[in-house]
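Asker: For what it's worth, this note's numbering labels the leading residue of the sequence shown as 180, then goes sequentially.
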Amino acid sequence: MDTPHETVRRGRGRPRKFEREPALEIAVRVFWQRGYEATGVAELREAMGGMPSASFYQLFGSKAELFAEAIAHYRATYGRALDPLTDETLDPKEAVRQTLSRSIAMQTDKEHPLGCMMVLAAPISDSDDPVYQMVAERRDITRSRVLDRVRQAIAEGALPPGTDAEAIAGLVYGFLMGISTQARDGVPAETMQRSADALLALWGHRAETVVADNRAKQ
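Right under this line is the structure:
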């Protein structure tokens, strides 16, 4: 994590000036590591170099507002591991392969907290909590993009007609979400990559099995 002195500048004889962007990056990492509910404003201010309450609220408004900014910052930086899902130059299977590989690499990088902030940082006690909904909406976007890619593969003939798109997308999305807990549990990136390769090896085989099963029931 960035050291506190990186969040401030001190002019000679002047009070410390707290810089917004470095402070936001630190907030991302604190929320990412500790989770929203377990992180207090005092802990955030301390991590930001002892930022006074007045400066904190002036810069960020509230903990919830800061978390919303942290989510946006995370998505624009670390969350770019998901970008292949929307890269139209990639075929669906390659888009999914790159997404899984890049997510594994990012989430096991020890230069920052392990896992995915979108999975680990949101409150889980109340699904009606606006903070929970904020993160759930981001996850739903990812789920929809995976499903779109599977449906594209079916439309283009890379997966056979009759393939259960939601079932295949669920396998991919479930694996993607599970990277976080595996990373936190110390599962090596190489092991997870082998699992991702095995999952993608089933991309066509599993779909063809589903079609065959459906035909047998008719």
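Heads up, the beta-carbon is just placed ideally off N, CA and C, and yes, glycines get one too.
Taking the alpha-carbon positions, what's the Gly365 to Leu293 distance?
Answerer: 9 Å
Asker: For Ala204, count neighbouring Cβ atoms within 10 angstroms of its own Cβ and tell me buried if that reaches 16, exposed if not.
Answerer: Residue identity check: residue 204 is Glu in the sequence provided, not Ala. Glu204 is buried by the Cβ-count criterion.
Asker: Report the residue from Trp211, Ser234, Pro271, Glu222 whose alpha carbon sits nearest the alpha carbon of Tyr253.
Answerer: Trp211
Asker: Per DSSP, Phe246 is paired with what?
Answerer: Its beta-bridge partners do not exist; DSSP assigns none.
Asker: One question on the structure: do Ala206 and Leu238 come within less than 8 Å of each other, judged by their Cβ atoms?
Answerer: no
Asker: Compare the Cα-Cα distances from His291 to each of Gly349, Tyr257, Arg317 and report the closest residue.
Answerer: With distances taken between Cα atoms, His291 lies closest to Tyr257.
Asker: Where are the alpha helix (DSSP H) runs, 4 residues long or more, that stay fully inside the stretch 217-295, in chain order?
Answerer: Counting whole runs of 4 or more residues, the stretch 217-295 contains the alpha helix (DSSP H) stretches 220-226, 232-239, 242-255, 271-286.
Asker: State the Cα-Cα distance for the pair Leu261 and Cys295, rounded to the nearest angstrom.
Answerer: 11 Å
Asker: To the nearest angstrom, how far is it from the Cα of Arg213 to the Cα of Met230?
Answerer: 19 Å
Asker: Give me, in chain order, the residues of the same chain whose beta-carbon lies closer than 8 Å to that of Leu355; leave out the 5 immediate sequence neighbours on both sides.
Answerer: Only Thr278, Leu279, Ser282, Thr321, Val325 meet the Cβ criterion.
Asker: Hey, quick one: how far does the alpha helix (DSSP H) through Val351 stretch, first residue to last?
Answerer: For Val351, the enclosing alpha helix (DSSP H) covers residues 344-363.
Asker: Would you call Thr370 buried or exposed, if buried means 16 or more other Cβ atoms sit within 10 Å of its Cβ?
Answerer: exposed
Asker: With the cut-off set at 8 Å, would you say Arg317 and Ile358 are in Cβ contact?
Answerer: no
Asker: Between the alpha carbons of Glu198 and Lys242, how many angstroms are there, rounded?
Answerer: Cα to Cα, Glu198 sits roughly 17 Å from Lys242.
Asker: Enumerate in chain order the residues of its own chain whose CB-to-CB distance from Ser232 is below 8 Å, with the five nearest sequence positions on each side excluded.
Answerer: These residues qualify, in order along the chain: Val220, Arg224.
Asker: Are the CB atoms of Ile347 and Pro340 within a distance shorter than 8 Å?
Answerer: Ile347 sits away from Pro340, with the two beta carbons spaced by 8 Å or more.
Asker: Using only CA atoms, which one of Val209, Leu379, Pro367, Arg328 lies nearest to Ala284?
Answerer: For the options Val209, Leu379, Pro367, Arg328, the alpha carbon positioned closest to that of Ala284 is the one of Pro367.
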